[in-house]
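The structure under discussion appears below in the form of structure tokens.
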């Protein structure tokens, strides 16, 4: 029995943390954030060179062949650093093709995705906040798609998109496909750009077992978002602790005041005990598949809500400064709102969980 | 990560399950009184190495090597079957481990075996009317007079004082010493002359606590645990055991299951309440908290098994505050489900027991009773200080020089 990290997993987190701190400190993050691109090719190249782009791609297809737990641990560190880049959509595209692609499809796309040469993304959401596979309506007719997808991450830099289709299917659209329009939208979280896709008789190739795996791909997404939000919320808690020790009022650091100390203790206590939720949900995807949908929904809903509360408290604790664009808090605040809304709100996933019927 | 305990522990569990099929007792044994039956089965558990594992055999335990996974399996299986195993009340749960850590050989031999047998009942004498969170400010004094301590003062919130044979507690033995250094940890016979126990009625209507008054009460000089003036350190160890008892995951699982059962059985607008979207959202939200507690307990168990306690320091500091808050969420949701029946006063269901098990009276009682753990064993605001100061490295609360 071991419900903790192995030495290898600790090393993985330390390595990624070192890269994030070295290459994307808050000053660099701020430049990317203000520029609004949500991306820095050098950062993504660096992560890809460390094997992050193909972490869960099987070794036979050029990846590191690691587990969803490892992917979630990386997501936690990237959330802690509010790291810009296509990690989320790319990882889900890799998972979709690795889980649901034919042997030929896997060998065609996965090596390029794993090396970072190709950037992948996923196009799931449709009008009406429909994120779930069973709610997708986009029809694949005679090998072509006609319709629209919303809130597609890093669509502008992607080389391929795994698109959700009617009857919970998955189909791959490649850059330059006929009738495809990528329409950027101004996203709230400037570390992860968004666009809408308009598809007009756009050629697409269905993944062989798409309908059988799309729910699982969604669940991986829920876990990555929960892990990212956990990392971001814990970062905001630490930033608030540091600020309270520095900021002086009434001739002393505000951390001396018990009201402040208790608010910080409550923030920490709201976040830290949720770490096991995303650990367990990730582990369930690897090893306890029957329990994974429930665990993923709970982790995403619970951590999404708690992290959003922490984000608001962090602004409050930073006072007037916290309310400004200049203050770094807003970057994590918005990162967390992305994690909370993407793939469906907490209330949506609580309703899904109650529908699973094992209570 | 690996959540299985492995084949060795699977067979340990299977063996334990076979043993637990022996409860309830049958035949001649089943004709004994309920208390005797519990005694018989508990003794049997000790002989098989399932009960009081961390207490050496010479003191009446089963003296098994430290094995947190075995402890976990035993706790789960005894809880599942309701068979009498480890008693967790003040004596076996708090005094026995404290004696093991700090007691003399004579004290261990004299007190631990009858405590485990249940022939000695204990109460804990810590809080005083003027000393709650600021426990080290206690004033009840013990003055050495020949070969006896002579005790004067008052304790409060003393559970079980009516039935207890002995009290273990904190007394000011060195009035000249500074606050913490003036305290000793003594054992007092509750039948000694000069002790007056007065029950306190709680807001729930039940009476679990008492006031205990001391008027020149004498206890033998050797009834001191640890050295003179070192009672504070001894009490920290006892408090740790008490906190371990308060954050019981088993109780939380039961209460959450009862909440769901009630949501199924209660009608809202002519339909089962569990079909109401608002109630579904609330239950699922509470489940998030319950699973957070469960997975945090798994993290702590894993850390203990692998000797990685340092990695679990923060959750260990937080779990009491967190669990008591979650228990309150469950209690409040259950109370809302009973609607107008929340107007009714809870009543004693049988001798001294206000059930929290799924009756309307129990739900109303538990709505109030769930406030207790947020106060007992280190109040929630004190937990926030501990988390802030020791967990997050925030400055310590200022302490007036006169009281330190």
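Protein chains in written order, with the numbering used here: chain A, 115 to 473; chain B, 5 to 408. No residue lacks a Cβ here, since even glycine has one placed at the ideal position from N, Cα and C. These figures come from a predicted structure and were not determined experimentally.
Scanning its chain for C-beta atoms nearer than 6 Å, with the 5 sequence neighbours on each side dropped, one finds around residue 335(B) the residues 370, 371, 374, in chain order. When rounded, the separation of the alpha-carbon atoms in residue 158(B) and residue 401(A) is 57 Å.
Collapsing the DSSP output to three states places residue 316(A) in a strand.
Chain order gives no chain B residues near residue 214(A), where near means a beta carbon separation below 9 Å; the closest approach is about 25 Å. Rounded to the nearest angstrom, the Cβ distance from residue 369(A) to residue 118(B) is 50 Å, too far for a contact under 8 Å. One finds 388 in chain B with Cβ atoms closer than 8 Å to the Cβ of residue 380(A), taken in chain order.
Per the C-alpha coordinates, the member of 126(A), 427(A), 435(A), 416(A) positioned closest to residue 447(A) is 427(A). Beta-bridge partners of residue 215(B) (DSSP): 160(B), 202(B). Contact annotation for residue 202(B) against chain A: no contact, minimum CB-CB distance about 34 Å [criterion: below 9 Å]. According to the DSSP assignment, residue 348(A) belongs to the alpha helix (DSSP H) that extends over 324 to 360.
Put simply, the CB of residue 415(A) is near chain B, with a gap under 8 Å to one of its CB atoms. DSSP places residue 181(A) outside both helix and strand once states are collapsed to three, so it counts as coil. Following the DSSP letters along the chain, one finds residue 13(B) inside the alpha helix (DSSP H) bounded by residues 11 to 24. The segment 122 to 152 of chain A is shown to contain whole alpha helix (DSSP H) runs of 4 or more residues at 140 to 149, in chain order. Contact of residue 256(B) with chain A by beta-carbon distance below 7 Å is absent, the smallest such distance being about 13 Å. Using beta-carbon distances, residue 383(A) counts as an interface residue toward chain B, with a partner under 8 Å. Taking 8 Å as the CB threshold, residue 322(B) lines the interface with chain A. Leaving aside the five residues that flank residue 327(A) on each side, the residues in its chain whose CB is nearer than 6 Å to its CB run, in chain order, 213, 214. The beta-carbon of residue 387(A) is placed less than 8 Å from the nearest beta-carbon of chain B.
By a beta-carbon distance limit of 8 Å, residue 224(A) contacts residue 171(A). Their separation comes to about 5 Å. Per DSSP, the continuous alpha helix (DSSP H) segment holding residue 322(B) begins and ends at 317 to 341. Restricting attention to 116(A), 304(A), 257(A), 247(A), the CA atom closest to the CA of residue 439(A) is found in 304(A). A direct Cα-Cα distance of roughly 59 Å separates residue 98(B) from residue 276(A). Distance from the CA atom of residue 375(A) to the CA atom of residue 276(B), rounded to whole angstroms, is 43 Å. Distance from the CA atom of residue 89(B) to the CA atom of residue 124(A), rounded to whole angstroms, is 39 Å.
Contact annotation: the segment 107 to 122 of chain B touches the segment 52 to 71 of chain B, with at least three C-beta pairs closer than 8 Å. At least 8 Å separates the CB of residue 273(B) from every CB of chain A. Between the segment 394 to 409 of chain A and the segment 171 to 188 of chain A, the count of Cβ pairs shorter than 8 Å is three or higher; the stretches touch. Only exposed fits residue 273(B), as fewer than 16 other CB atoms lie within 10 angstroms of its CB.
Per DSSP, residue 441(A) lies in no beta strand (DSSP E) and is assigned neither H nor E. Judged by beta-carbon spacing, residue 225(B) lies beyond the 8 Å limit of residue 345(B), meaning their Cβ atoms are not closer than that value.
A direct Cα-Cα distance of roughly 13 Å separates residue 190(A) from residue 198(A). Taking C-beta atoms as the reference points, residue 344(A) and residue 408(A) fail to come closer than 8 Å. The beta carbon of residue 87(B) sits closer than 7 Å to the beta carbons of 24, 27, 45 from its chain, once the five residues preceding and following it are set aside; these are given in chain order.
Contact annotation for residue 365(A) against chain B: no contact, minimum CB-CB distance about 13 Å [criterion: below 9 Å]. Using a Cβ distance threshold of 8 Å, residue 328(B) and residue 72(B) do not count as a contacting pair.
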